[in-house]
Each structure stands twice: as C-alpha cells, then as structure tokens.
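Line order of the protein sequences matches chains V, P, W and R. FYI, the numbering for the first sequence is 1 to 237, going by our numbering. FYI, the numbering for the second sequence is 1001 to 1237, going by our numbering. FYI, the numbering for the third sequence is 2001 to 2237, going by our numbering. FYI, the numbering for the fourth sequence is 3001 to 3237, going by our numbering. Glycine included, every Cβ here is placed at the ideal spot set by N, Cα and C.
Protein chains: 4
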Amino acid sequence: MVTNVAPEVTSQVTDEALVQRRRAQFVAAAVELFSSQGYYRTTIQDIARKAGVSSGLIYQYVRDKEDVLLLSLLSVLDSYKREIPRALAGLTDPLERCCAAIDAYCRVVDQRREATVLAYRSTKSLSADRRALIKTSELESNELISACLRDCMDKGLFREVNADLVTYQLVTFAHTWALKHWRLKELSTLDEYIAQGLEFFTQALLTPKGWRQYRKLQESREAPSVVGSKPEHPAAE
Amino acid sequence: MVTNVAPEVTSQVTDEALVQRRRAQFVAAAVELFSSQGYYRTTIQDIARKAGVSSGLIYQYVRDKEDVLLLSLLSVLDSYKREIPRALAGLTDPLERCCAAIDAYCRVVDQRREATVLAYRSTKSLSADRRALIKTSELESNELISACLRDCMDKGLFREVNADLVTYQLVTFAHTWALKHWRLKELSTLDEYIAQGLEFFTQALLTPKGWRQYRKLQESREAPSVVGSKPEHPAAE
Amino acid sequence: MVTNVAPEVTSQVTDEALVQRRRAQFVAAAVELFSSQGYYRTTIQDIARKAGVSSGLIYQYVRDKEDVLLLSLLSVLDSYKREIPRALAGLTDPLERCCAAIDAYCRVVDQRREATVLAYRSTKSLSADRRALIKTSELESNELISACLRDCMDKGLFREVNADLVTYQLVTFAHTWALKHWRLKELSTLDEYIAQGLEFFTQALLTPKGWRQYRKLQESREAPSVVGSKPEHPAAE
Amino acid sequence: MVTNVAPEVTSQVTDEALVQRRRAQFVAAAVELFSSQGYYRTTIQDIARKAGVSSGLIYQYVRDKEDVLLLSLLSVLDSYKREIPRALAGLTDPLERCCAAIDAYCRVVDQRREATVLAYRSTKSLSADRRALIKTSELESNELISACLRDCMDKGLFREVNADLVTYQLVTFAHTWALKHWRLKELSTLDEYIAQGLEFFTQALLTPKGWRQYRKLQESREAPSVVGSKPEHPAAE
DNA sequence: GATGAATGAGGCTTCATTCAT
DNA sequence: GATGAATGAAGCCTCATTCAT
C-alpha cells in the first residue's frame, strides 16, 4: 500500500525511500485507528504503538497530527484513483467501461468501507489549505467517472445530461454503500447493490441506441458480473 | 425550534417545560458550533457562552457532552421529519407526493446544510447505544420517502424496485447537496439540482403508465418547480 | 505583595479582585521558583504546587507560561518603583534625596536579590511585545533616579553630566550587588557596598558647592547610614 | 577563534588538535544561536546544522548540552582575557594602561554584545561545579583590571579605594553597554559612552597627583580616543 | 570518526466535569 | 435553579541523547 507523495507534507528525514516506507507504515496504522475510533479519539501514541515505533518518530515524518490525517485521507482517495483505471484496463467499449468503472468504485469502497466513512467524517477536521488538497484529489478521481460518462454521451449511448452532476450521483451511490452499510447490508449483498444501481443508472441514462448496445453486452458474456445481472425489467418497453 | 424529547436523555431538572426550553436553547447553540467547528473542537464553555448561560447549567439538563451531540443530531433529523409531511400536506396524487417529498428533502437539507454535514461527521462519535437512536430516527424519516415510492409502485406508476434501496439513493441525493456543496454550487443552483435529480429518478423509475401521469402533472401546472422542468428526452420511447 | 495589573495579560475570570489575588499568589510562587531554578527549569506544575492550586487554574488567569514570567518580572520592577518613593518621602534636600534613592535601590535589590538576577536572566525569554512592557517599566523606575540627579544638577550640586547615562551607572551599581553577590559578599557588607558606592558617585559628581552641602549633611546626622560613612578621603583637593 | 581548552570537559576523541578544532566549530555556532535565541530555545540539532555537522558528532566532543554552554561561556570570557592584554601591550604609564584596559573592555563587549548578554542570562543554567569554572575565569579577567587599578593606587595616582569593588564597577560599566544597549544606543555612541565613563571614573578616583599626570597624557596625544575627551569640568577645585 | 534515524520522557495546555455558593 | 471557579487527567509535541551503520 503505497502512500502518495504529498509534497506539501515535509519531513525532517531526507532519505526519500525511507520517508515513503515510514509514512505508508504510519498511514496504515492511522487509517485503521481513525476509521474505528475516529480522528480525535485516536492518539499519536496509539498510532505509534500500532505501527510499532516510538511516538517521536512520527514527528520526523509529519508536522503534526493533522498531517497524519491528511496523508491518511489522501491514501484512501488514492486507492480509488488506482483501482478504477485497473478495472478499465483492456476494456474499450464505452458502455462497458462506464459500468466497469462504477462496479470497480463500489468494490473499492467495499474493501475500504471504514476508510470511506473516515473521509466523510474527518475531512472537515483539516485546515482549509489541507482540505483543498483533498478536494483536488476528489475531483481527479471523479474525473475518471465523468470521462466514461462523457464518452457514452459522445457516442450517443447516454442522453445528454450534466456529466458532473451525474458523476456525483454515481460517486455518492458508491460511497453510500459504506456510509449506510449498517442498513444496506440488511437489504442486499454488494453484488445486488451494484446490480440494482447499474440497472437504475442505465435506466435513467441509456438512449435507444444505448439500449441496443447494452443488450448486446449482456448476451455476449457468460459471467455478467461487471455489467450486473440482467435487469429485472429488461426494458421500459 | 422545538427539540424533540429524547426520553433517554435524563435531566436533573424536573419541570418538563423548562427542560424542553433549556435543551432547545443549548441545542440551537450547539448545532451552530458543532456545524462550523466540529464536535471535538467545540467546548461546553463555547456552547454555554453562545447560549448565554453558565457551563454548569448544561449539566443539569444532560449527562455529558455526548448527550448534547445526541440531542443536536436528533434535532437535525427531526427537522427532516417535520418538513416532509408539511410539504405533502394536501397533495394526494402519488407521483406528485413523491416528487414533492424529494423536493422538500432537498430544500431542508439546503436550509440546514451545515447541520446535515454535521450528521455525517459526528454520528460515529456517539456511543453505540446513542447511535442506535439516530439510526432509528433516520429510518423513520426514510420511511416517509419509501412510503411515497411504494405508493407509486402500488399504483403501477413506478417499476417494481427495492424501495428501501432506492430510498437511500434519493436520500443520499438530497444529502449530497450539502456534503458536496463546495463543488455542486459551482455546477448548478439548488433548483437546477432538484430538477435534474427528479428527471433522473423519474427516468429511472417511471412505467409507461407513470409517464402518462407524469406528463399530465407537468401540463397542469404553470410553475413546474416542484416536479422539475420537462425532461430533455421526453421519453424512453 | 500586590501584583501590578498588567492590562495586557487577560484573564478568563471576571472578578477583578479575585484576579488580583490569584495572580499575586501565582507570581509569588513563580518568582521564587524562577529565581532559584530558572524559568525553563520551572514547570507550571511546580508553580501550581507551590501556590497550592491545580495547574489548570493558572490558565484561567494567564494565557501561557510566558505570561507568568511577564507578571513575575513586572512585580519585581514594581517593587523598585514602590520602594524608592517610600524612601524619599519626607526628604526635601536634593542631595539627601539622591543618596536616599540610591541607598533604597540597593536595599530593595538586596531584599529581592534572586528576583533581580531573574530579571537579567529571563527578560530575553519574553516575546518582543512583552519585553517592551518590561522596558517601559524599567524606564519608569529609572526616572525616579534620574529626577534626583537632575535636581542636584539644577541646584548646582552636581556637575552637568548626562543624567540618563549616569542613572544607568547608578542602577547598574545597585543591580550588581545582586548579580555578583557570590563575590561581593566576600568583599564587603551591604552597608559598606552602599557607602563605598555613594562615596564613589559623590566624588565623581559633586561640585564645590555640592561638597559644602554634602559635608553639612554628614555633620547634621548622628546615624549617617543613609548618606554613608564619611569618605575616607574627605576631598579631592 | 581558538576555544580555550577546558580540561574538565572530556571528549571521546583522542586527537587533541581535532578536539580543539571541532569544539571551536561547535562553540562558534552555539554562541551565535544561544545569543540570539537563548540556551533553552536552541537545540543540539540547531547547533549541529549551523556548524555543518551531524548532531551525533557533538556528543563525541562534549558530555551533554550543558557542556556546550560551558564551552561557549568560557569562550566569551576568554575573549575578554585575550583583548585586554593586547590593548595594554606596549603601554607603560599606569594611568594610560588603566584607561586603555577600560576602553578595551568596552570595545570587546561591544563587539560581542549578544555574547555578553548571554553570559548574564545563562550562567545560572549551569550546574554549580561548571558555574565555578565561569566564576574563576571571570575573576581572572577582573584581575587584569584590578591590577591596573592597584598600580595607579601604588603610584599615588588614584585614591586608596577597595580595588576589587571598583573593579566590579568598571566591569559592570562595560557590561552595561551590552545589557542595556537597547536604551543606551539612543543616548550615546560607544565612543561617547566610553569617554563619559572614563571621565566619571577618573573624576572619582584621581588624586591631585593623578590629575597632573592625567592632563599631561591628554596633551601628549592628538587622537585622545583611548583616554577620552577632556573632561568638561577639568577639575573639582 | 561521522552520521542521522530512532527513542521516550517530560511539559504545556485544554477542557469535561464538579461543587460550593 | 443557576453560576463559574476549580480540578486534574490526558494528549500533542519537543528534544536531549543513543546507537547501528
């Protein structure tokens, strides 16, 4: 789990590789603790203990506790930015890419459920300038989604909608799996949640041309996990 | 602004009316401060000062600081539960009620944007038993939405979908206006946001029968603000 | 021991009389500890313990540890400003007043020897703005001395010299009793030190007219403690 | 700038020349930092950085941080002991030597103003045994002054006074230029300060015989900078 | 000899909570 | 019922010192 280099967070230690390693170590411990206990209930000592180092050492690599939070949040956002492209690798069909992106987003969120909640809880605990870094990173990963959307619109598969707004709807859909997991897990499995969501979004966005393409995709796959199961109501006729 | 009585929060003061008044006073101050500075950065002294009372007094009405948070969060959720029925009052058409509910939800969230964010930030700061109260309250206000959804499905206006899951999508859509306001406000106005959302959801949910009813509603109103503007792509054929 | 009110040091507590009392209490403990162990080696806990209060209480009356130092130093300078006028009360003869002022200064320094050293050690530990308060206070007490000097010059008893420079020589002479006490106490008693100093300064400053007046003063007193013993070398002529 | 060898401060390094060089290097950095920020605010890391070495290296040449302070203070006192004899070199007239010593002292102090203040601030931060070394060194440099004084007394140029006490007055006079420089620099230049002081001290100490010698000295020099300008009131008679 | 990463004790400061008035 | 001064536990952060390389 590589922590992204935040050039804004300066370290006393010069060895760049060591900085990377140590920060990843601290962030791993911090994300876990912040996620389960919250930022304010987690002490630097807790993090140090869990990371197996002394508390003083952390301060060789960050300026203050808030820096640890910043790095932690960036690492979460980073995992989004890393996983989505991975899921799209090799896929060329716009519609398939779009569905795969959403599917991937939901699955990363599921894997880092607690961390996703952390981002919602704690971003406002950052100072304005650090929060700005988070916002930038968020916009970057949103861009991965909205690019897929735009591609589908350009190809006439999706209606012309405000891609940025819809992106937020998609992103929020993924996040909600984490944010409301306490309830959603009683209502469906992750696969069902994704399937239901994809169906919902396609229903809302596909053009007639899009629908044709969509049905073709469904047929051509035996393991329709990415695109989701066949919609219960195959068409709005 | 009346704070809901949380019977679980006990007070040393016996005069019930006074308890109500005092708590409302504290909670008003607390919500404002928690919203702007966060729960942990806000001190009991801050709240007392803003409420114009002594810090000791607060402890006559709550057990501890977390109780103040609980009351604050409940008061936010309460405003949802109060506003939605108000918006539905007098409306009988299922589709109209559904749209009105969503519209109302978005508008309460807009009015209490910071407080909505607070709920996401701070619910996990509560102990499990207190958090349960929040969850119950959340489910209750969700029920207001899902009832509308079910009604539309029962009447054949909406496809048969998992109402609870879709409810979360609708609720989250409203919350997102607050959670991502820093970005959304650059992309659209509140009215546009609602209109776009309603269009999106109707697109995803309406049956052919529902579409006919929907168009009728649109025509019958000069100020179609609640139901939103006509969809750009009037039909999914 | 009344602490001077430093309006720059603000307190959380509103009761002015209480603020006075508490600060005096803390400052008394602090001066003693700072004097013996130094500012940095003294902890707030030390001061609280010696003052018989909790450490938190101190922070209701000062902003930070440096504030305690500021109040402590001001209290020392204040004792100078209080004692010199007291020693001059009732005296009218310019020469007598001048000698009495020096004598008094030396005796306050002797009584608060450690505190005087503290002022030299720790003034630079203050931030620039707080140090400015100390400088102002120092100039005020210097003024008490230089006024006496000027009076003597105006009356033709002292040569025309730069009163401010000579004042520093006098003031430093007094302070030196504290600063170099480790050595001076082996060389002379306080009385001898004062006598020797007065002789030295008069020798350096008296005009012939001043000399006549000086001798008259000597004769007219049986207990020549203030003006010091007769100079060993009664005249330079 | 050679640091005096303090045999009490032991080093892990055996090469004596290297020890000398390294210590001088550390002390140069330390004096500067201690002077500007104070002893406690200066870290070993600061010193190492300024000296261009690693922090660990310092501990090969001193036992602890206090040792660095000791060496620093000794180096300051040393510069006094080095400069005064240099100023006296070649001078034989007792009065001239005395004035030259004072003049030199004031000028060293002026050159190392911050360091002089440091000595006053930080000597008490040393442990008793280390402080004793400082006191010894101080007495040694005082001896350079008092020897001049005694010589003048022996030759009948100065009145018979307690040479040690007067020495402290002279030494303090020089130090005051540093200690109160914030104010004195507004009142006079260094040259004026010295001139005024010399005039003051001669006025206080010269015998009639001394006066004759003093005037002769004044006349015999075109650049009377050392002895100072002619006194305004050339005689007390 | 030199480096600098690592340790961990210690101090300032905050703040929830209590309680005498 | 209300006040607000007082308590003291707890946490962030610093920095002298060590030690493996």
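### Task
For Thr176 (chain V), go through chain P and note every residue whose CB falls closer than 8 Å to its CB, in chain order.
Scanning chain P for C-beta atoms nearer than 8 Å to the C-beta of Thr176 (chain V) yields Tyr1168, Gln1169 and Thr1172, reported in chain order.
### Query
Are the C-beta of Gln45 (chain V) and some C-beta of chain P separated by less than 8 Å?
No, its Cβ sits nowhere closer than 8 Å to a Cβ of chain P.
### Task
Note down the Cα distance separating Ala2235 (chain W) from Val3161 (chain R), rounded to an integer number of angstroms.
A caution first: Ala2235 (chain W) carries a pLDDT of 44, below 50, which makes its placement in the model unreliable, though a value can still be read off. Distance between the alpha carbons of Ala2235 (chain W) and Val3161 (chain R): 13 Å.
### Task
Taking Val76 (chain V) as the query, report the chain P residues whose CB atoms sit under 8 Å from its CB, ordered along the chain.
Near Val76 (chain V) there are no residues of chain P at all, since even the closest Cβ is about 15 Å away, more than 8 Å.
### Task
Go ahead and label Val3009 (chain R) buried or exposed: buried means 16 or more other beta carbons lie within 10 angstroms of its beta carbon, across all protein chains shown.
That one is buried.
### Task
Specify whether the stretch 2103 to 2120 of chain W and the stretch 3017 to 3034 of chain R touch according to this definition: at least 3 beta carbon pairs, one from each stretch, less than 8 Å apart.
The answer is no - the stretch 3017 to 3034 of chain R does not touch the stretch 2103 to 2120 of chain W, with fewer than three Cβ pairs under 8 Å.
#### Entry: Beta carbon proximity, Ala204 (chain V) to chain P, threshold 8 Å
Chain P, which has a Cβ nearer than 8 Å to the Cβ of Ala204 (chain V), makes this yes.
#### Entry: Contact set between the stretch 1024 to 1041 of chain P and chain V, restricted to residues whose Cβ is under 7 Å from the partner
Of all residues in the stretch 1024 to 1041 of chain P, Gly1038 and Tyr1040 have a Cβ within less than 7 Å of some Cβ in chain V.
### Query
Out of P:Cys1098, P:Asp1129 and P:Asp1103, which has the shortest C-alpha to C-alpha gap to Asp1154 (chain P)?
Of the candidates P:Cys1098, P:Asp1129 and P:Asp1103, P:Cys1098 places its Cα closest to the Cα of Asp1154 (chain P).
### Query
Ends of the alpha helix (DSSP H) at Asn162 (chain V)?
No alpha helix (DSSP H) holds Asn162 (chain V); DSSP gives it neither H nor E.
#### Entry: Short Cβ contact (8 Å threshold) for Tyr3214 (chain R) with Leu3206 (chain R)
Against a cut-off of 8 Å, the Cβ pair of Leu3206 (chain R) and Tyr3214 (chain R) comes out as a contact.
### Closer than 8 Å to chain R by CB, Tyr2120 (chain W)
Yes, its Cβ sits closer than 8 Å to a Cβ of chain R.
### Query
Given 8 Å as the limit, is there contact between the stretch 2048 to 2065 of chain W and the stretch 2082 to 2101 of chain W, that is, 3 or more CB pairs closer than that?
Remark: fewer than three beta-carbon pairs, one from each stretch, lie closer than 8 Å, so the stretch 2048 to 2065 of chain W and the stretch 2082 to 2101 of chain W are not flagged as touching.
### Task
Can you say whether Glu237 (chain V) is buried or exposed, counting buried as having 16 or more other CB atoms within 10 angstroms of its CB?
In this prediction, Glu237 (chain V) has a pLDDT of 37, which is less than 50 and means its spatial position is unreliable; what the coordinates show is noted afterwards. That one is exposed.
### Task
Could you check how far apart the C-beta atoms of Gln2203 (chain W) and Ala3204 (chain R) are, in whole angstroms? I think they sit under 8 Å.
At roughly 4 Å, the Cβ-Cβ gap stays under 8 Å, so Gln2203 (chain W) and Ala3204 (chain R) are in contact.
### Query
Along chain W, in chain order, which residues have C-beta atoms closer than 9 Å to that of Thr3187 (chain R)?
Checking the sequence, you will find Leu at residue 3187 (chain R) rather than Thr. Listed along chain W, the residues sitting closer than 9 Å to Leu3187 (chain R) by beta-carbon distance are Asn2162, Asp2164, Leu2165 and Tyr2168.
### Residues that Leu1206 (chain P) bridges to, as DSSP identifies them
Listed as beta-bridge partners of Leu1206 (chain P) by DSSP are P:Phe1158.
### Query
List, in order along the chain, the chain R residues whose C-beta lies closer than 8 Å to that of Lys2135 (chain W)?
Listed along the chain, the chain R residues whose CB falls inside 8 Å of the CB of Lys2135 (chain W) are Trp3182 and Arg3183.
### Query
Measuring CB to CB, does Ser35 (chain V) end up less than 8 Å from Ile44 (chain V)?
No, Cβ-Cβ distance for Ser35 (chain V) and Ile44 (chain V) is not below 8 Å.
### Query
Using the C-alpha atoms, what's the distance from Arg3183 (chain R) back to Ala3147 (chain R)?
If you draw a straight line from the Cα of Ala3147 (chain R) to the Cα of Arg3183 (chain R), it is about 31 Å long.
### Option nearest Leu1133 (chain P) by Cα separation, candidates P:Val1166, P:Leu1077 and P:Glu1199
Answer by Cα proximity: P:Leu1077.
#### Entry: Three-state secondary structure (DSSP) of Lys1180 (chain P)
Coil at Lys1180 (chain P), not helix or strand.
### Message
Going by DSSP in three states, Tyr3080 (chain R) sits in which element: helix, strand or coil?
### Response
Secondary structure at Tyr3080 (chain R): helix, using DSSP grouped into helix, strand and coil.
### Task
Could you give the DSSP three-state label for Ser127 (chain V): helix, strand or coil?
If DSSP states are grouped into helix, strand and coil, Ser127 (chain V) belongs with coil.
### Query
In this structure, does DSSP put Arg3041 (chain R) in helix, strand or coil?
Under the three-state reduction of DSSP output, Arg3041 (chain R) falls in the coil class, being neither helix nor strand.
### Query
Going by the beta-carbon positions, is the gap between Phe2201 (chain W) and Leu2170 (chain W) smaller than 8 Å?
At a Cβ-Cβ threshold of 8 Å, Phe2201 (chain W) and Leu2170 (chain W) count as neighbours.
### Message
Comparing C-alpha positions only, which one of V:Val68, V:Ala128 and V:Leu144 sits nearest to Glu83 (chain V)?
### Response
Between Glu83 (chain V) and the set V:Val68, V:Ala128 and V:Leu144, the nearest pair of CA atoms involves V:Leu144.
### Task
Using 10 angstroms around the beta-carbon of Pro1094 (chain P), count the other beta-carbons present and answer buried if the total reaches 16, otherwise exposed.
Here Pro1094 (chain P) is buried. Its C-beta has 16 or more other C-beta atoms within 10 Å.
### Task
Please list the segments of the alpha helix (DSSP H) lying wholly inside the stretch 3041 to 3124 of chain R, counting only runs of 4 or more residues, in order along the chain.
Taken in chain order, the complete alpha helix (DSSP H) segments of 4 residues or longer contained in the stretch 3041 to 3124 of chain R are 3044 to 3051, 3055 to 3058, 3065 to 3088, 3094 to 3111 and 3113 to 3122.
### Query
Nearest CA to the CA of Tyr3080 (chain R): which residue from R:Gly3156, R:Gly3210, R:Gln3012 and R:Glu3138?
Out of R:Gly3156, R:Gly3210, R:Gln3012 and R:Glu3138, R:Glu3138 has the C-alpha closest to the C-alpha of Tyr3080 (chain R).
### Message
Please report the distance separating the alpha-carbon of Thr3167 (chain R) from that of Ser3075 (chain R).
### Response
As the crow flies, the alpha-carbon of Thr3167 (chain R) is around 21 Å from that of Ser3075 (chain R).
### Query
Expressed to the nearest angstrom, what Euclidean distance is found between the alpha-carbon atoms of Leu69 (chain V) and Glu1186 (chain P)?
Their backbone Cα atoms lie some 27 Å apart in a straight line.
### Ala174 (chain V) versus Ser125 (chain V): straight-line alpha-carbon distance, rounded
The straight-line gap from Cα to Cα measures roughly 23 Å.
### Where Ser2220 (chain W) sits in the DSSP three-state scheme
Here Ser2220 (chain W) carries a coil assignment [DSSP, helix/strand/coil].
### Query
Just by C-beta distance, which residues in the stretch 99 to 124 of chain V are closer than 8 Å to chain P?
Listed in sequence order: Val117, Tyr120, Arg121, Ser122 and Lys124.
#### Entry: Which listed residue (R:Ser3122, R:Val3013 and R:Arg3130) has its alpha carbon closest to that of Tyr3059 (chain R)
Per the C-alpha coordinates, the member of R:Ser3122, R:Val3013 and R:Arg3130 positioned closest to Tyr3059 (chain R) is R:Val3013.
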